[in-house]
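Numbering-wise, the working numbering puts 592 at position 502 of the sequence shown, and it's gapless, one number per residue.
Contents: one structure, followed by commentary.
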Amino acid sequence: MKPLIRIAKFAKPYWKESAIALVLLTTVVFLDLVIPRLIQKIIDQGIAKNNMTLIVNTTWLMLGISVVNTLFAIGNNIYSVKVGESFGRDLRERLFVKIQTFSFGNLDRMKTGQLMVRLTSDVSIVQRVVQVFLRIGTRAPMLMAGSILLMFATNAHLAFLILILLAFTILVITLFTTQTGPLYLGVQKRLDKMNTVMQENISGVRVVKAFVLADFENNRFDTANQDFAEKTIHVTQVMSVLFPILTALMNIGVVIIIWSGGLTTIQGNLTVGQIVAFANYLLTTVGPLGIMAQLSSVIASGMASAGRIEQVLEEPAEVQDTPGADAFNQEIQGQVTFEHVYFHYGGESDEPVLQDISFIAEAGKEVAILGATGSGKSSLVSLIPRFYDTTSGRVMIDGVDVRQIPKEILLAHISLAMQESVLFSGTIRGNICYGKPDASMEEIQEAARAAQAHDFIMELPQGYETQVEQRGVNLSGGQKQRIAIARAILLKPSILILDDSTSAVDVETETRVQNGLDKLIRGCTIFIVAQRISTVLNADKILVIDKGRLAAQGTHKELMRTSPIYQEIYASQLGNGVPISGAKNGEPIQ
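Below, the structure is given as structure tokens:
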């Protein structure tokens, strides 16, 4: 219950609307409690004494109360929905903003499907709890309390017997609520798993079709779906036992009223109208208990969802500005220094991904990082913009530890283009100027030309206004990569990181891209992560990474003399003295 109470603080800005809803609800409850008294009056003072005037007047009064009651109930519903929807909107926004602050380490632990469930299903469930509380949740206890008081005012002995029955009923409901809480948490976990399977399948549907694995994926989803359904059925079966029990207890209460009330009436201590009123109050007491039983499932589900939402909201971002970082005020030139850097991703394996990495990349120079798949190249460059923090050692920019530079300033001077080019729905122009929305068309075209994207964009029917479909499926891999490079260089950063971002283009186009970068962003420190040796030949410094260690560093000529690993890569890809388009002035590579 505590997570649900803590999450409810998001409804605080709407306390006025909540107060109005509760005032309207209180009035509705009061009018509900008046009706049995008026029925008692008609029976004892109207029917018993043949007083037709009293019967007619009281009937009109009951009709008027019913109309007012209906109007107040409608008003309560309107304000309850307004509070609930506003609460849900604010909570979703807070969750979304929180997710934007997460570092890559946070996102590695929380899968996309899980975060989607928290933003949608979990918020909707908690939102429903808020609405139900304002519309029904407070009505039930108020009706119960008022009915019990009026029952005691009518006949204390009979009311005491009913109270014992009610206490037992509340105990049963509490027992069921306690048992179903963990069950609903299990349902939500299985919903997480099912959504993760769906998200992965939809995102990778082309791979599934390419490998003819539709049956495998169907079975995978069927297993998750079946698991979710079985858990949901189990919870429903547990809760379904509760309502027959409540019905039986209500029938016992009616029997008690008829038996004990009848004896009391015969003795002349209770009127027929009072018995009828007593029966009505029993219904307005047990009825709310039934509502509370239904609410117990909503609350149990809400507690599970609130706990999961709170988990996201309280998750600390692994990478945060360190104390004193706000004092940083120097201009970033772009020199990057790694000083005995070790790094691992954490989790079950403590095996370092990078071990004792040390090098200096001078400002305005081009540094290439070469190595086999899984050697740690991408991990290395991800430490520069602080997507992760080092496990030990330091990464410095212009001699300042990156942890002492505010993240906002750091990222404003670093731009990236990844191997997997993420494009957003919208126009090509919008994707290129994503990081600089106010960029002029001239600036956008200049960046596109440098990235060798301008020509193919202009060949499209709508040019730069061409709509990019979801995940850029209407563009080739190479086209997407070039648009991503244009997006990165449009910012004219101090440091540019190209993480295997030309892997889908041919060597000749790659060479033209590199020449375009040299012209457009002179003075920028460029890190090029590559597996093709032709990509790195002209770099000012080449870092050879092998199994997480810096095996060698130097220029192409230096490494050809001193690094067996580099020589082996060169021989396997290019051979000896074979001219390629990546050579300067068309000279053979030696």
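We treat Cβ as the ideally placed atom computed from N, Cα and C, and that holds for glycine.
Owing to the predicted nature of the structure, the values given are computational and were not obtained by experimental measurement.
Option nearest residue i by Cα separation, candidates the options
i                 : options                           : result
aspartate 134     : Asp317, Asp630 and Gln364         : Gln364
arginine 561      : Glu555, Ile579 and Lys570         : Lys570
valine 119        : Arg229, Glu498 and Ile346         : Arg229
aspartate 608     : Ala629, Ala415 and Val595         : Ala629
valine 485        : Phe194, Thr592, Ser448 and Ser465 : Ser448
threonine 645     : Ala451, Leu239, Lys279 and His247 : Ala451
serine 593        : Ile155, Ile348 and Ala620         : Ala620
valine 362        : Thr337, Met329 and Gly136         : Gly136
arginine 476      : Val492, Gly461 and Thr463         : Val492
valine 512        : Arg398, Leu251 and Asn521         : Asn521
leucine 684       : Ile189, Leu151 and Arg539         : The structure shown does not extend to residue 684, since the chain spans only 91 to 680, so no value can be given for it.
glycine 227       : Leu240, Asp282 and Ile381         : Ile381
asparagine 315    : Gly343, Leu281 and Ile346         : Leu281
alanine 641       : Asp446, Asp528, Pro551 and Ala507 : Asp446
valine 216        : Gly525, Leu261 and Ser391         : Ser391
aspartate 312     : Val328, Ser566, Lys283 and Phe418 : Lys283
phenylalanine 514 : Gln535, His324 and Glu559         : Glu559
glycine 567       : Thr625, Phe546 and Lys582         : Phe546
leucine 253       : Leu379, Thr463 and Gln423         : Leu379
tyrosine 524      : Arg577, Asn285, Glu533 and Phe418 : Arg577
arginine 639      : Ile323, Ile623, Tyr371 and Ser465 : Ser465
Burial state of residue i, where buried means 16 or more other Cβ atoms lie within 10 Å
i                 : result
proline 103       : exposed
leucine 185       : buried
glutamate 600     : buried
valine 146        : exposed
phenylalanine 100 : buried
lysine 467        : buried
lysine 647        : exposed
serine 548        : Correcting the residue type first, residue 548 is methionine in the shown sequence and not serine. It is exposed - the Cβ of methionine 548 has fewer than 16 other Cβ atoms within 10 Å.
lysine 106        : exposed
arginine 612      : exposed
arginine 179      : exposed
aspartate 662     : What sits at residue 662 in the sequence shown is serine, not aspartate. Exposed, because fewer than 16 other Cβ atoms sit within 10 Å of the Cβ of serine 662.
alanine 543       : buried
arginine 572      : buried
valine 563        : exposed
glycine 343       : buried
threonine 427     : buried
isoleucine 110    : buried
alanine 243       : exposed
C-beta contact flag for residue i and residue j at 7 Å
i                 : j              : result
phenylalanine 225 : serine 176     : One point to set straight first is that residue 225 is arginine, not phenylalanine, in the sequence displayed. Not closer than 7 Å, so no.
arginine 182      : valine 213     : yes
aspartate 488     : glutamine 425  : yes
tyrosine 554      : isoleucine 518 : yes
glutamine 130     : alanine 367    : yes
glycine 195       : tyrosine 432   : no
serine 469        : valine 443     : yes
serine 505        : leucine 588    : no
alanine 541       : isoleucine 495 : no
serine 193        : valine 331     : no
serine 591        : histidine 503  : no
glycine 174       : valine 207     : no
histidine 434     : threonine 481  : yes
aspartate 411     : lysine 497     : yes
methionine 340    : valine 287     : no
phenylalanine 266 : valine 471     : no
alanine 453       : glutamine 420  : no
lysine 526        : leucine 610    : no
threonine 374     : serine 237     : yes
leucine 664       : tyrosine 656   : no
isoleucine 348    : leucine 251    : no
lysine 321        : valine 388     : no
threonine 148     : leucine 128    : yes
Contact test: residue i Cβ vs the ligand GDP heavy atom, cutoff 6 Å
i              : result
isoleucine 189 : No copy of the ligand GDP occurs in the structure displayed, which carries no ligand at all.
The region 393–413 in contact with the region 200–217 per 3-pair CB rule at 8 Å
Verdict: yes, contact present.
Write down every uninterrupted run of the beta strand (DSSP E) in the region 228–284 whose length is 3 residues or greater and which is fully enclosed by it, in chain order.
none
Counting only runs that start and end within the region 421–479, where is the alpha helix (DSSP H) found for 4 or more residues in a row?
467–472
Whole runs of the alpha helix (DSSP H) within the region 324–369, excluding any shorter than 4 residues
332–356
Sufficient close CB pairs (3 or more, under 8 Å) joining the region 157–174 to the region 113–125:
Yes: the two stretches touch, three or more of their Cβ pairs being nearer than 8 Å.
Is it the case that the region 624–633 contacts the region 449–461, given that we only count it when at least three CB pairs across the two stretches are under 8 Å?
yes
Pick out the complete alpha helix (DSSP H) segments inside the region 596–670, 4 residues or longer, and give them in chain order.
597–610, 646–652 and 654–663
Scan the region 484–546 and note each continuous alpha helix (DSSP H) run of 4 residues or more that stays entirely inside, going in chain order.
Fully enclosed alpha helix (DSSP H) runs of no fewer than 4 residues occupy 497–502, 518–522 and 531–540 of the region 484–546, in order along the chain.
Whole alpha helix (DSSP H) elements within the region 136–191, 4-residue minimum
142–191
Does the region 242–250 come close enough to the region 347–362 that 3 or more CB-CB pairs lie under 8 Å?
yes
As an exercise, report each continuous alpha helix (DSSP H) stretch of at least 4 residues that is fully enclosed by the region 96–137, in chain order.
105–131
Do the region 304–321 and the region 333–340 make contact, defined as three or more Cβ pairs closer than 8 Å?
no
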